[in-house]
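Some notes on the structure that comes next.
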Amino acid sequence: MTKNPVSGRPDERQRWLPVAVLFTVPAPAAVWCGRATSYLPGFPPGFVFLYAVPLAMVAFTWIPPRTDAQRRRRLALGGTGCLLAFLYPHALLVGILVLWASTAG
Numbered sequence: 014m015t016k017n018p019v020s021g022r023p024d025e026r027q028r029w030l031p032v033a034v035l036f037t038v039p040a041p042a043a044v045w046c047g048r049a050t051s052y053l054p055g056f057p058p059g060f061v062f063l064y065a066v067p068l069a070m071v072a073f074t075w076i077p078p079r080t081d082a083q084r085r086r087r088l089a090l091g092g093t094g095c096l097l098a099f100l101y102p103h104a105l106l107v108g109i110l111v112l113w114a115s116t117a118g
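As structure tokens, this is what we get:
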């Protein structure tokens, strides 16, 4: 492992941009695919703000990690953020159906 002459850190810790892009590109695609595969008839505009949590998780991956533990956490956050962005409309639909079923009886 070679060291970067400017910072003195190993080179592998300097190459974080491809990992951040790895999650940034699929995050909007996950939002679109989640909406396209959901059976929600209409999406109220106020619910769009709930996408802030998964997209913030993906945005957090842009902070370069200093340790291997931070690297693993940021990889997990990016993956979880993309998964939540995809599953959000489905979970919202299930929640609406459960509320409807519990109040219908």
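When we follow the numbering used here, the leftmost residue of the sequence shown carries the number 14, and every step to the right adds one. Here a beta-carbon is modelled for each residue, glycine too, at the ideal position from N, C-alpha and C.
For the alpha helix (DSSP H) that G47 lies in, which residues bound it at each end? The residue given as residue 47 occupies position 34 in the sequence shown. Residues P39 to T50.
Which same chain residues end up closer than 7 Å to A64 when comparing Cβ atoms and leaving out the 5 residues on each side of it in sequence? On the sequence shown, residue 64 is found 51 positions in, with the first residue counted as 1. Note that residue 64 corresponds to Tyr in the displayed sequence, not to Ala. So the list reads V44, A98 and Y101, once near-sequence residues are dropped.
L106 beta carbon less than 7 Å from that of Y52: Counted from its first residue, the sequence shown places residue 52 at position 39. Counted from its first residue, the sequence shown places residue 106 at position 93. Cβ atoms of Y52 and L106: closer than 7 Å.
Would A40 be called buried (16 or more neighbouring beta carbons within 10 Å of its own) or exposed? As a position in the sequence shown, residue 40 is number 27, starting the count at 1. With a threshold of 16 other beta carbon atoms within 10 Å, A40 meets it and is buried.
Quick one: using the 10 Å Cβ neighbour count with 16 as the cut-off for buried, is T74 buried or exposed? What you label residue 74 is simply residue 61 of the sequence shown in a count that begins at 1. When all chains shown are included, T74 counts as buried.
Got a sec? Which residues, its chain only, sit under 6 Å from W29 by beta carbon, not counting five neighbours each side? Position 16 of the sequence shown, counted from the first residue, corresponds to residue 29. In chain order, P77 place their CB closer than 6 Å to the CB of W29, counting only its own chain and leaving out the 5 sequence neighbours on each side.
Under DSSP, the alpha helix (DSSP H) around L96 begins and ends at which residues? Against the sequence shown, residue 96 aligns to sequence position 83. First-last of the alpha helix (DSSP H) with L96: D81 to A117.
V71 beta carbon less than 7 Å from that of G91: Within the sequence shown, residue 91 is the residue found at index 78, counting from 1. Within the sequence shown, residue 71 is the residue found at index 58, counting from 1. Contact: yes.
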